[in-house]
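One structure is given below, encoded as structure tokens.
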């Protein structure tokens with residue numbers, strides 16, 4: 003079976019390029035926030051509660067569920083209301 007790979011090139015003018023850069027910056031911030039949320043949850047489960055350093059460890063309550071994709075997608079509309087910059091990026 004043959005697999006075809008298509009490559010599409012775009013040539014934006016200066017305002018379009020600025021808009022794309024702005025959207026990428028906003029998307030990167032949202033991605034990094036979601037990734038940090040997952041890493042903090044995992045790090046809070048690594049150490050024993052009587053040996054955690056309060057300076058370096060986040061203590062997240064034990065009943066907090068893992069921030070999976072569905073949880074994070076459901077919180078995105080709330081984040082768009084709180085951080086208006088997220089509304090600038092098309093869905």
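Residue numbers (my numbering): 3 to 93.
Every residue, glycine too, gets a C-beta built ideally from N, C-alpha and C.
These figures come from a predicted structure and were not determined experimentally.
Where residue i sits in the DSSP three-state scheme
{"i": "residue 9", "result": "coil"}
{"i": "residue 16", "result": "helix"}
{"i": "residue 47", "result": "coil"}
{"i": "residue 3", "result": "coil"}
{"i": "residue 79", "result": "helix"}
{"i": "residue 1", "result": "Lying before the first or after the last residue shown, residue 1 is absent from the chain, which here runs from 3 to 93."}
C-alpha gap between residue i and residue j, whole angstroms
{"i": "residue 30", "j": "residue 3", "result": "36 angstroms"}
{"i": "residue 86", "j": "residue 67", "result": "27 angstroms"}
{"i": "residue 89", "j": "residue 8", "result": "31 angstroms"}
{"i": "residue 12", "j": "residue 25", "result": "16 angstroms"}
{"i": "residue 76", "j": "residue 65", "result": "19 angstroms"}
{"i": "residue 82", "j": "residue 62", "result": "24 angstroms"}
{"i": "residue 48", "j": "residue 18", "result": "45 angstroms"}
{"i": "residue 74", "j": "residue 43", "result": "13 angstroms"}
{"i": "residue 38", "j": "residue 5", "result": "36 angstroms"}
{"i": "residue 28", "j": "residue 91", "result": "7 angstroms"}
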